[in-house]
Every structure is written in C-alpha cells, then in structure tokens.
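Okay, structure first, notes after.
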Ligand SMILES: Cc1ncc(COP(=O)(O)O)c(C=O)c1O
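Numbering (this note's numbering), first residue to last: 12 to 389.
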C-alpha cells in the first residue's frame, strides 16, 4: 500500500527534486563560506536571503535573518521586546512557539498578557486588537494563519491597528509562507515576520527566518560570525546582528532552491492548488454523517488545513487507524496550539487535522475520503 502524507502543515513532503539536489550538491563541494573567508562559491546564504526578500517583498535583503527554526525567530523577538513592566497582546490561535515564550515571560518577569479570540469565522477582529491595546503594550504577536483551523487573518488591518498605536507587530507566517502572498514592504508600522523554511517554502528542516524591519532589536544571541574577530562585541549591523554560530549551510542551500521553486510556480497558484483540494475534501466529508467538520466557516482554503472529528472516536484513534490500516498520515490532538479550539461547541479536546500541499494529489484526497467512509459504524 502506498503511503499518503496528509500532514503537510507539519512539514512538506515530498521536497522538490531541486531541493534535494541542492542539499546534495552542497556536500559535494568544499565547505567554505564568504563570511568566513571563502570565495563564496559554495555559500548559499546571500543568495537565499535574496530569494526570500524577493518572495516576501522585503525592501532590503539584509533584513532577512536566517536562524535554526521559526521557533528561534519568534523567541528572539519576544525575548527582546517583552520586558519587565510591559504588556503583550497575542491570540488563542497561536502555536506554542508564541504562547510558551510569552508564558515564560509572564511567569518569570511578571509581564501582563491579553489574549484575543477569533470570531465564528476563525479570524481575529481588528476591533478586538484595538480594545486589547494598553499604553504599556510593547508587542502584538499574532499568527498569519492558524495551524489548527487554517483560518487566514486579516494582517493588513491588524497591522494598521498596531501601527496606529506605534506597537511592533510580530507575525507568525509559518503556515502561510509559500501559500498566501505577503508583501512585507506594504505592511504599515514596525513588522517582524517569522516563519519556517520546511513547510510551504519546501526547504529542509533546520532553517527558520525572521524578517526584521530595522536594526533596533536588542541582540540576544551573540558569538562567532567569522568576521571582525578582533571586536569584543558582536557586529551590530543586519543581518549578522542576529546571526551567530555556524549556520545550517546545506539546509540554507536547500531552502534557497525551495524558494526559487515556489517563486517559479507562484504563491497564488500554490495557494489555489491547496484551496481546490480542501474544497474536494470538505465536499466529500460534508455528506458523511459521522464526520463533524469544525464550524469555523472560513471558506478560504489556501493554507490547506481541514480540521474535523469522527463521531464516537477519539481523534488519536482515528489517526492510528488511518496510519495502521490505510498508510495515511494525518495529525491528531492539539497540534501545539492548545487554545485554538477554545469556545467551539463542546470545547473539543483535539481534532484530526488533514493538511494538503503541493505534493498532494487528487488521488490522495480520494483515498482519505474512502478510508473515512469505512469508519462509519465501526
Ligand atoms: C503556526 C506555527 N508557528 C510556529 C511553528 C514552529 O515551527 P518550527 O517547529 O519549524 O520552529 C509551527 C510549526 O508547526 C507552526 O505551525
């Protein structure tokens, strides 16, 4: 039985051939990078920044900081901007990569936190953000799209509210990078964007990215960069300002190839492919009496996520049967975002999450629908 990967929101699979080849090619050449005195011939860092800047409408590629993961990028901003006496606004839709760094600041230094909640369509209201702001608010940290519901947030409007109050916005674009267009240069105010390279951007795991709007963010991770070794202090200029230690060069080579691939196909086309598959899934599930789609009423399927439950089944049991009996991989439980289903009828403790991507074919969706149909009455 062929295995079907319907957990694309966790990480994309299969990676495009050119991504695999780029990683492989990096190992085939001597590992010298420009920053450490090499000629740059096998240095993917600057080209990767350039590709990312082009894709995300970042005016200056120096504002693209390459890190080990989205989690590191989110921690970097939260750690630097949420200080004693401050207030932070976030939402119940967030991944633990946002919730936990904030919870630790709350516990360790006593910062105040306000969580805004989505409406019935799964989106955050700009008015809720407006109401949550205080004079002491030092950061608004919100997701561009929920990894549990797939709901895409009205980021332009939310950014306007934060900008009007002169509060920096940290956007978690882990689920949207490569699926939903975002032009950083057009968002008003001081906006940081963090995302993972191994999801919609088709790169290997181990590279995350932070778009920084200026060089005012305090430096938290400092050390060796291979440059200006005589200085006691870490370089203050972007992008090295926030990059220390040996980077994941093969991973960055793969991400560069992934971003080029995404650019070539087009983010709009990739989002449309996901939305089409999501509609096919929803149509198939709506007619199954034992399947309960979550009432999030968000029609935009570009992120490629469909959350549901099977009547009488624990979500984990559904995942186990799909894996063991049908070789279909989905994700079940709370998806590292434990508050995202709060307020829904019955306060579900978790869900089955199917997520599709570029590597998903119509057949994969149909195999899942047939498997789900067979669960009725079991
Ligand atoms: C919305 C969201 N934010 C952050 C992350 C963290 O990404 P990483 O584990 O690559 O750091 C994920 C990963 O699942 C995510 O879905």
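The beta carbon of each residue, even a glycine, is placed where N, CA and C say it ideally should be.
Query raised in the report: residue 129 and residue 104 look like a contact to me (Cβ under 8 Å); what is the Cβ gap, rounded to whole Å?
Result: As a working note, residue 129 is residue 118 in the chain shown. As a working note, residue 104 is residue 93 in the chain shown. That pair is a contact at about 6 Å.
Query raised in the report: Is the CB-CB distance between residue 314 and residue 190 below 8 Å?
Result: Numbered from 1 along the chain shown, position 303 holds the residue referred to as residue 314. Numbered from 1 along the chain shown, position 179 holds the residue referred to as residue 190. Yes, these two residues count as a Cβ contact at 8 Å.
Query - Endpoints, the beta strand (DSSP E) within which residue 348 is located - result: Position 337 of the chain shown, counting from 1, holds the residue named residue 348. Here residue 348 belongs to no beta strand (DSSP E), and DSSP marks it neither H nor E.
Query raised in the report: Out of 140, 359, 250, 254, which has the shortest C-alpha to C-alpha gap to residue 6?
Result: In the structure as shown, the chain begins at 12 and stops at 389. Residue 6 is therefore absent and cannot be evaluated.
Query raised in the report: Going by the beta-carbon positions, is the gap between residue 341 and residue 386 smaller than 8 Å?
Result: Here residue 341 is taken as the residue at index 330 of the chain shown, counted from 1. Here residue 386 is taken as the residue at index 375 of the chain shown, counted from 1. Cβ distance not < 8 Å, so residue 341 and residue 386 don't count as in contact.
Requested in this report: Run the proximity test for residue 106: is its beta-carbon closer than 7 Å to any non-hydrogen atom belonging to ligand 1?
Outcome: Against the chain shown, residue 106 aligns to sequence position 95. It does: the Cβ of residue 106 is within 7 Å (strictly closer) of some heavy atom of ligand 1.
Report task. Leaving aside the five residues before and after residue 245 along the sequence, list all residues of the same chain whose C-beta is less than 8 Å from its C-beta, in chain order. Result -> Residue 245 sits at position 234 when you count from the first residue of the chain shown. Within the same chain, residue 245 has close Cβ partners 230, 233, 234, 236, 251, 252, 255.
Query raised in the report: Helix, strand or coil for residue 312 per DSSP?
Result: By one-based count along the chain shown, residue 312 stands at place 301. Three-state DSSP puts residue 312 in coil, outside helix and strand.
Query - Buried versus exposed, by CB contacts within 10 Å (16 or more), residue 213 - result: Position 202 of the chain shown holds residue 213. For residue 213, the number of other beta carbons within 10 angstroms of its own is at least 16, and it is reported as buried.
Query raised in the report: residue 206 by DSSP, collapsed to three states: which one?
Result: Residue mapping note: residue 206 aligns to position 195 of the chain shown, counting from 1. Here residue 206 sits in strand by DSSP.
Query raised in the report: Could you check where the alpha helix (DSSP H) with residue 73 kicks off and where it finishes?
Result: By one-based count along the chain shown, residue 73 stands at place 62. Looking at the DSSP string, residue 73 is not in any alpha helix (DSSP H), and its letter there is neither H nor E.
Query raised in the report: Quick one: what's got a C-beta closer than 8 Å to residue 48's C-beta in the same chain, skipping five residues either side?
Result: Along the chain shown, read from residue 1 onward, the residue named residue 48 stands at position 37. At residue 48, the pLDDT of 49 sits below 50, so the modelled position is not reliable; the number obtained from the coordinates is stated separately. Answer for residue 48: 237, listed in chain order.
Requested in this report: Give the straight-line distance between the Cα atoms of residue 77 and residue 135, rounded to the nearest whole angstrom.
Outcome: The count along the chain shown starts at 1 and reaches residue 77 at position 66. The count along the chain shown starts at 1 and reaches residue 135 at position 124. Using only the alpha carbons, I get a separation of about 29 Å.
Query raised in the report: Around the C-beta of residue 12, are 16 or more other C-beta atoms found within 10 angstroms, so that it is buried, or is it exposed?
Result: Position 1 of the chain shown, counted from the start, is the residue given in the question as residue 12. So residue 12 counts as exposed.
Report task. Starting from the Cα of residue 346, find the closest Cα among 335, 363, 355 and give me that residue. Result -> The residue labelled residue 346 in the question sits at position 335 within the chain shown. Closest option to residue 346, Cα to Cα, is 363.
Query - DSSP bridge partner residues for residue 303 (one or two, in chain order) - result: For the purposes of this step, residue 303 is taken as the residue at position 292 of the chain shown. For residue 303, which the question treats as bridged, DSSP gives the partners 320.
Report task. Could you tell me which residues DSSP pairs with residue 102 in its beta bridges? Result -> Here residue 102 corresponds to residue number 91 of the chain shown, with the count starting at 1. DSSP lists 127 as partners of residue 102.
Requested in this report: Give a single yes or no on whether residue 132 has its beta carbon closer than 7 Å to a heavy atom of ligand 1.
Outcome: By one-based count along the chain shown, residue 132 stands at place 121. Flag unset: Cβ of residue 132 not near ligand 1.
Query raised in the report: Is residue 178 helix, strand or coil by DSSP?
Result: Position 167 of the chain shown, counted from the first residue, corresponds to residue 178. In this structure, residue 178 counts as coil in the three-state DSSP scheme.
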